[in-house]
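Chains as they are written, first to last, in the UniProt record's numbering: chain A, 1 to 514; chain B, 1 to 293. Cβ atoms here follow ideal geometry from the backbone N, Cα and C, with glycine treated the same way. Note that the structure is a prediction, hence the values are computed from the model and not measured. What follows is a set of notes on a single structure, which appears directly below.
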Amino acid sequence: MPLLDPLRSAPRGALAAGAVAAVLALSACGGGQADGGSLQPVRGGTLNVLRTYPFEGFELDKESLNATYLFSGAVLEPLLRADPDGRSLRPGLASSWSFGHGNRTLTLKLDPKAAFSDGKPVTAADVAFSIATWKAGPNYGATYSVIRSTKTIDDRTIALELSEPDTSLPSFLAWATAGVVPKDFGGRPAKQFWQKPVGAGPYTVSDWSTNGKVVLTRNTHYYRAGLPYTDQVVSTYAGDQNSIGLQLASGQADLANEIFPVLAATLPKKQINSTLNHMTSVLLMNTKDPALADVKVRQAIGYAIDYASVVGSSLKGYGAVPTGALPTNVANWAPPSRPYFSHDAAKAKALLAGASRRPATLTMAYPNDPSTSLMAQIVQQNLKDLGITVNLQAADAAGNYATVSGGKYQLALFAYNAISPDASDPVVYLGATGTMFTGHPVGAIDAALGDYRRTTDAKAKQAAITKVQDALLEEAPFVALGQGAQLVAQRTAVHGLRQTPWGGYDLATIWKNK
Amino acid sequence: MTAPVEAAVPAGGAPPPPGPAPAVRVRRGGRVKLAIGLTVVGLYVLVALLAPVLRPHDPLAQNVAAALQGPSGAYPLGTDELGRDVLSRLMSATGLDLTVALLATVLPCLLGTVLGLLAGYAGGWLDAVVMRVSDLLQAFPTYILMIALVFVLGPGVRSLLIAFTAVGWVVYARLIRGEVARIRGSEYIVAAVTAGLGATRIMVRHVLPNTLKQTLVYLTSDVVFAVTALAAFSFLGFGVQQPTPEWGSMTAAAQAYLTEVPRLTVLPGLVISVLAFGFALLGDGLQDRMGRR
């Protein structure tokens with residue numbers, strides 16, 4: 001279910017239209033910025049990647065961070081891959097897929113060259129075992145519960161029998177948490193397997209630690225001809241933004257993932273690889289708290305926020321004022337049927353005046369990264385103007401996630417995103433988390449999701465998404481503060497980086513000039 | 001045995017330049033240090049008292065449109081990332097930082113003094129317990145122990161003061177205990193005991209006043225530690241929370257702009273350094289003067 005990287009509460013900024021066009025144009029002609037060197041891919045070498053969050057390991061059901069998805073997915077490749085456009089799927093280990101029996105059967109054909117890093121072919125039996133493994137996971141298992149059974153057609157073809165029509169399922173087969181593993185973990189105990197897994201991705205695991213290095217080495221049996229370009233990927237954990245800037249400048253690092261907009265603002269524009277606006281920063285309101293139980297209070301807060309200031313100061317131009325509660329720029333996204341919250345101090349005060357209970361003081365939890373800290377102070381000021389004193393409670397990202405997921409907060413800053421090219425992806429997350437830990441399950445979500453899954457018609461899917469958006473606007477369990485881009489800083493010698501809107505990318509196609 | 005003065009002059013060498021004797025030079029140096037230290041600290045106290053009147057802007061007032069502006073007539077030291085006036089925030093932080101730093105020094109001093117006095121005067125099991133606990137606390141690196149305490153108690157000034165007190169009393173207790181042990185056998189104490197005065201009266205009226213000199217000197221140098229430690233804790237997110245103006249948290253918030261707007265980091269750092277320098281001179285000056293009497 002989690003479609004986000006839940007520990008991340010720092011939203012990313014968005015991209016101006018012109019910059020989007022420029023990035024797409026560069027990507028289309030080989031991906032990357034011209035640096036005077038060859039644009040023909042160069043094989044070999046080591047790619048040094050800084051990550052700003054810890055690496056959680058390869059155990060699929062325990063993964064929750066973008067930093068983990070990237071490297072885990074490069075070892076344990078899923079059946080399908082997301083196109084960087086964020087709107088479509090590409091073949092992965094499965095070279096084709098099709099629905100049958102009224103969208104109740106999904107048949108997948110495996111790429112004939114697909115093989116694990118130990119040289120053994122990927123078979124339907126491996127996929128069946130992998131699906132059973134995903135379903136057994138306490139965190140992501142429910143997403144695949146719609147798969148009632150699997151049927152092996154032949155060694156390279158498998159049919160998934162669904163308990164009800166679900167046209168969204170292929171998207172969920174592209175999640176990094178849906179990596180394909182060998183049947184019975186290749187005869188190894190599960191714990192031992194997750195420590196040093198064997199997968200069918202472009203890289204194999206040489207070494208890893210949560211807060212240290214992750215070292216990946218080329219999988220010589222990889223099925224996509226000529227890939228990966230780089231022999232080795234070394235990822236180092238670097239939490240300090242200034243250190244990231246220095247390591248890029250000195251050439252110690254080639255890429256830095258998920259950098260904050262405040263750092264991006266200090267680097268040359270040509271070093272910033274940004275996505276379309278997607279990552280959605282939100283102000284969660286704990287509806288179980290009596291002070292926030294009245295929807296008028298929550299709506300008043302929604303209209304009290306100065307969204308332009310939030311976006312301008314904390315996203316540094318890499319973001320936009322939200323047009324809905326759901327992350328944008330994925331397939332079938334649609335806005336609410338009426339305008340989303342905007343800054344309207346008079347309306348906010350009128351709503352608060354009509355509330356059954358007006359909170360005088362609230363506490364707001366937030367992760368103490370540079371972007372969210374700014375956001376917190378602006379929201380604090382906006383609510384002060386509304387007559388509500390907000391006490392700030394900073395914590396590191398992990399601490400903030402624990403506070404939020406435990407429901408031990410009144411207000412909290414958070415961020416969420418999809419991890420596949422489908423607007424229903426974050427909606428599933430909202431449903432699975434009691435509407436994102438606010439204690440206010442939005443009734444319309446389940447019904448809308450059902451409508452969404454049953455149809456293949458894009459307009460009908462968008463209509464379902466609009467219903468969800470409307471319900472989130474009406475019931476306001478949370479307020480979207482800004483929708484921003486994922487930012488990767490790269491040296492100009494690096495090519496082939498094309499991010500999805502949520503910041504995923506294909507490590508196999510990245511190369512750098514010698 | 002002392003050598004004749006003439007022997008100190010090398011044969012054929014020039015006689016030493018005329019000037020005051022070393023002790024006199026130290027006393028004069030002490031006076032200068034004391035004067036500079038008092039002036040610096042006095043200025044900070046003045047700023048702290050007058051900040052509400054003197055500061056040009058509300059230190060909390062945001063003006064996002066004017067964020068990260070350079071120094072100007074309207075904003076003499078520029079604005080921060082939310083368009084707040086840096087000068088006003090620095091001035092407003094002075095009162096909080098000074099107060100917290102002084103409390104973070106005085107509270108452990110009070111606790112340490114009481115425990116050291118009791119341990120030194122009573123001796124026996126009480127002395128053993130106090131000293132073993134202090135041994136235990138000193139075995140841990142100070143910062144690590146304080147961070148652990150603040151982590152458990154939660155960020156904020158109250159937690160910081162508890163942590164400073166819980167860790168900082170040890171030195172004061174040892175200082176006082178040593179002095180008490182030295183004084184306890186003095187004739188005037190023996191006379192007081194013989195005269196039938198109560199233990200409390202002897203400790204408070206006769207022992208304590210004679211032990212405070214070293215403590216006072218140490219206290220002034222301890223303020224330097226408190227000022228910098230408070231800034232460090234706020235920098236790490238354990239101290240004063242945003243948006244309250246505080247030098248350490250201002251430095252922490254500004255580190256994201258270190259390359260873009262270094263002034264935001266340098267200015268609070270400079271303010272902390274000058275105050276620490278002032279207290280250090282004050283302590284040195286006091287030591288020079290009191291140590292010669």
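Residues of its chain near residue i, where Cβ-Cβ distance is below 6 Å and the 5 sequence neighbours each way are ignored
i	result
Pro-441 of chain A	Gly-434, Thr-435
Pro-243 of chain B	Leu-60
Tyr-452 of chain A	Ser-424, Lys-461, Ala-464
Ala-254 of chain B	Leu-264, Thr-265
Thr-217 of chain A	Thr-204, Ser-206, Gln-232
Val-214 of chain A	Phe-55, Phe-71, Trp-208, Ser-235
Phe-414 of chain A	Ser-9, Val-282, Leu-284, Val-404
Phe-185 of chain A	Phe-193
Ala-350 of chain A	none
Asp-35 of chain A	With a pLDDT of 40 at Asp-35 of chain A, under the threshold of 50, the modelled position of that residue is not reliable, and no figure is offered here.
As assigned by DSSP and simplified to three states, the class of residue i
i	result
Gln-393 of chain A	strand
Gly-179 of chain A	strand
Thr-105 of chain B	helix
Phe-425 of chain A	The sequence shown places Asp at residue 425 of chain A, not Phe. Asp-425 of chain A: helix per DSSP, three-state reduction.
Asn-210 of chain B	helix
Pro-112 of chain A	coil
Arg-90 of chain A	strand
Asp-222 of chain B	helix
Phe-151 of chain B	helix
Trp-502 of chain A	coil
Thr-79 of chain B	strand
Asn-273 of chain A	strand
Ser-243 of chain A	helix
Ser-163 of chain A	coil
Ala-22 of chain A	Residue placement at Ala-22 of chain A cannot be trusted, given a pLDDT of 34 that sits under 50; what the coordinates show is reported in the next sentence. Three-state DSSP puts Ala-22 of chain A in a helix.
Arg-338 of chain A	coil
Gln-241 of chain B	coil
Residue i burial status per 10 Å Cβ neighbour count (16 or more: buried)
i	result
Met-91 of chain B	buried
His-278 of chain A	buried
Lys-467 of chain A	buried
Gln-252 of chain A	exposed
Asp-284 of chain B	buried
Asp-80 of chain B	buried
Ala-119 of chain B	buried
Glu-179 of chain B	buried
Trp-125 of chain B	exposed
Val-129 of chain B	exposed
Leu-136 of chain B	exposed
Leu-315 of chain A	buried
Tyr-53 of chain A	buried
Val-390 of chain A	buried
Same chain, Cβ closer than 8 Å to residue i, neighbours up to 5 away in sequence not counted
i	result
Thr-157 of chain A	Thr-107, Leu-108, Lys-109, Leu-110, Ala-124
Pro-155 of chain B	Gly-237, Phe-238, Gly-239, Gln-241
Pro-78 of chain A	Gly-92, Leu-93, Leu-173, Ala-174, Trp-175, Ala-176, Ala-178, Gly-179, Val-180
Proximal residues to residue i (C-beta, below 7 Å), its chain only, five neighbours per side dropped
i	result
Ser-145 of chain A	Lys-135
Gly-32 of chain A	In this predicted model, Gly-32 of chain A has a pLDDT of only 36, less than 50, meaning its place in the structure is not dependable; the value taken from the coordinates is given anyway. Same-chain partners within the cutoff: Leu-26, Val-494, His-495, Gly-496, Leu-497.
Pro-4 of chain B	Because the pLDDT at Pro-4 of chain B is just 39, under 50, the model does not fix this residue reliably, and the value given afterwards should be weighed accordingly. If we look at Pro-4 of chain B and ignore the five residues flanking it on each side, it has no Cβ neighbours.
Pro-165 of chain A	Gly-102, Asn-103, Arg-104, Arg-453, Arg-454
Heavy atom of the ligand GTP within 7 Å of residue i beta-carbon
i	result
Thr-94 of chain B	As for the ligand GTP, it is missing from this structure, which has no ligand bound.
Give the residues from the region 218-238 of chain B that approach chain A closer than 9 Å (Cβ to any Cβ), ordered along the chain. Gly-237
Ignoring anything shorter than 4 residues, give me the alpha helix (DSSP H) runs that lie fully in the region 356-418 of chain A, in order along the chain. 370-386, 397-405
Jot down the residue ranges of each uninterrupted alpha helix (DSSP H) in the region 153-193 of chain B, minimum 4 residues, whole runs only, in chain order. 157-184
Residues within the region 375-388 of chain A neighbouring chain B, beta-carbon criterion of under 8 Å: Ala-376, Gln-377, Ile-378, Gln-380, Gln-381
What residues from the region 242-264 of chain B come within 8 Å of chain A, judged by C-beta to C-beta, listed N to C? Gln-242, Pro-243, Ala-253, Gln-255, Ala-256, Tyr-257, Leu-258, Thr-259, Glu-260
Residues within the region 92-117 of chain B neighbouring chain A, beta-carbon criterion of under 7 Å: none
Extract the residue ranges of the beta strand (DSSP E) inside the region 114-138 of chain A, only unbroken runs of 3 or more that lie entirely within it. none
Below 7 Å between beta carbons is the criterion; list the residues of the region 57-91 of chain B that meet it against any residue of chain A, in chain order. Gln-62, Val-64, Ala-67, Glu-81, Leu-82
Pull out every residue of the region 297-331 of chain A whose Cβ sits closer than 7 Å to any Cβ of chain B, in chain order. Ser-309, Gly-312, Ser-313
Only counting runs of 4 or more residues, tell me where the alpha helix (DSSP H) segments fall wholly within the region 301-335 of chain A, in order along the chain. 307-314
Along the region 241-275 of chain A, where does the CB come closer than 8 Å to a CB of chain B? Name the residues. Gln-241, Asn-242, Gly-245, Phe-260, Val-262, Leu-263, Ala-265, Thr-266
Can you pull out the residues from the region 348-362 of chain A whose beta carbon lies closer than 9 Å to at least one beta carbon of chain B? none
For the region 402-427 of chain A, enumerate the residues whose C-beta is nearer than 9 Å to any C-beta of chain D, in chain order. In the displayed structure, chain D is absent; the protein chains listed are A and B.
Going along the chain, which unbroken runs of the alpha helix (DSSP H) with 4 or more residues stay wholly within the region 432-470 of chain A? 434-437, 443-454
Name the residues in the region 466-498 of chain A whose C-beta lies less than 9 Å from a C-beta of chain B; which are they? none
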